[in-house]
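*Asks:* Got a structure here, written out as structure tokens. Questions coming.
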């Protein structure tokens, strides 16, 4: 595992002066999926770790890094591994879990040895990792895609019809503070979270995927009254501080994994923003 990329927490008063390059360097995570590599980013926003693994000929071990400075990665952390595509095996303390597209493995605090591998004869996998500090221990759970009940949201008139799936949120899987799921934008719609919201009690990260290579997402961020934007490509992630909105519009169909960490363990804990407030 290469050294983690470290991103420091930012103040909204400072962020208002950032240009394009600085916004991207602070909040956009690129080049996450490289054959044969595990790449992680450590954010001081709620101390989340996010990244991508693309195991090839050899398994990839989840080791420790000076940014975390523990004896093993999940000594004081919990972790979710979401299979975007392909087939993989994730071995946790000798127990092998097989993952296919849209499956998720939640790994509880205290798990010592974690390795990620491609399944023999299968399509090379793309695995998205998201980790948060944990002060409770919960069991490791494998969630199959067909176990999750989808919920349809939005309207065609507002171009925001989407299908949301909640994997880790205290119902199907209980964690300490980590929440994770994914949303697909339905045909004819483009907006993923509009009307938008903030939640000052937690950080949220979006990983955009299922996007054509030539297509882009315009991701809105910043304070509701003073927004900024990032132009995002396929399989890139955005770190959204608690003070920032997080909403995007695509030039083609796409999906995104949402993952959160913070003070309040209620999915519905959001501070909704009236459309008239946006600037």
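In this note's numbering, the protein residues as written are 35 to 313.
A virtual CB, placed ideally from N, CA and C, is assigned to each residue, including glycine.
All values reported here derive from a predicted model rather than from experimental measurement.
Whole angstroms are fine: how far does the CA of residue 267 sit from the CA of residue 254?
*Replies:* 14 Å
*Asks:* Rounded to a whole number of angstroms, what is the C-alpha to C-alpha distance between residue 135 and residue 152?
*Replies:* C-alpha separation (whole angstroms): 12 Å.
*Asks:* Output needed for residue 76: all residues of its chain with C-beta closer than 6 Å, excluding positions within five of it in sequence on either side, in chain order.
*Replies:* Result list for residue 76: 38, 40, 83 and 101, in chain order.
*Asks:* At a cut of 8 Å, does the segment 286–294 reach the segment 53–60 through at least three beta carbon pairs?
*Replies:* The segment 286–294, when compared against the segment 53–60, does not touch it at the 8 Å Cβ threshold.
*Asks:* Is residue 233 closer than 8 Å to residue 308 when the C-beta atoms are compared?
*Replies:* no
*Asks:* Helix, strand or coil for residue 48 per DSSP?
*Replies:* helix
*Asks:* Between which two residues does the alpha helix (DSSP H) carrying residue 245 extend?
*Replies:* Neither: residue 245 is in no alpha helix (DSSP H) and is coded neither H nor E.
*Asks:* What does a CB cutoff of less than 6 Å around residue 227 pick up in its chain, not counting 5 residues either side in sequence?
*Replies:* 281
*Asks:* Figure out for me which residue from 60, 133 and 203 has the closest Cα to the Cα of residue 156.
*Replies:* 133
*Asks:* I need the boundaries of the beta strand (DSSP E) containing residue 299, first residue and last residue.
*Replies:* No beta strand (DSSP E) holds residue 299; DSSP gives it neither H nor E.
*Asks:* Let's see if you can read the secondary structure: which residues bound the beta strand (DSSP E) around residue 254?
*Replies:* Unbroken beta strand (DSSP E) run through residue 254: 251–257.
*Asks:* Could you check which residue in 95, 263 and 270 has the C-alpha nearest to that of residue 247?
*Replies:* 270
*Asks:* In chain order, which beta strand (DSSP E) runs of at least 3 residues are fully inside the segment 65–120?
*Replies:* Fully enclosed beta strand (DSSP E) runs of 3 or longer: 72–77, 83–87 and 111–119.
*Asks:* For a test of the three-state rule: what should DSSP assign to residue 237, helix, strand or coil?
*Replies:* strand
*Asks:* Alpha carbon to alpha carbon, how far is residue 310 from residue 89? Give it in angstroms, no decimals.
*Replies:* 46 Å
*Asks:* Within 8 Å, do at least three Cβ pairs link the segment 159–171 to the segment 184–193?
*Replies:* no
*Asks:* Quick check on the burial criterion: 16 or more other C-beta atoms within 10 angstroms. Buried or exposed for residue 211?
*Replies:* buried
*Asks:* Can you round the beta-carbon distance between residue 236 and residue 295 to whole angstroms, since I take them to be within the 8 Å contact cut?
*Replies:* 6 Å
*Asks:* Between which residues of its own chain and residue 87 is the CB-CB distance below 6 Å, once the five residues before and five after are set aside?
*Replies:* 72, 94, 150 and 161
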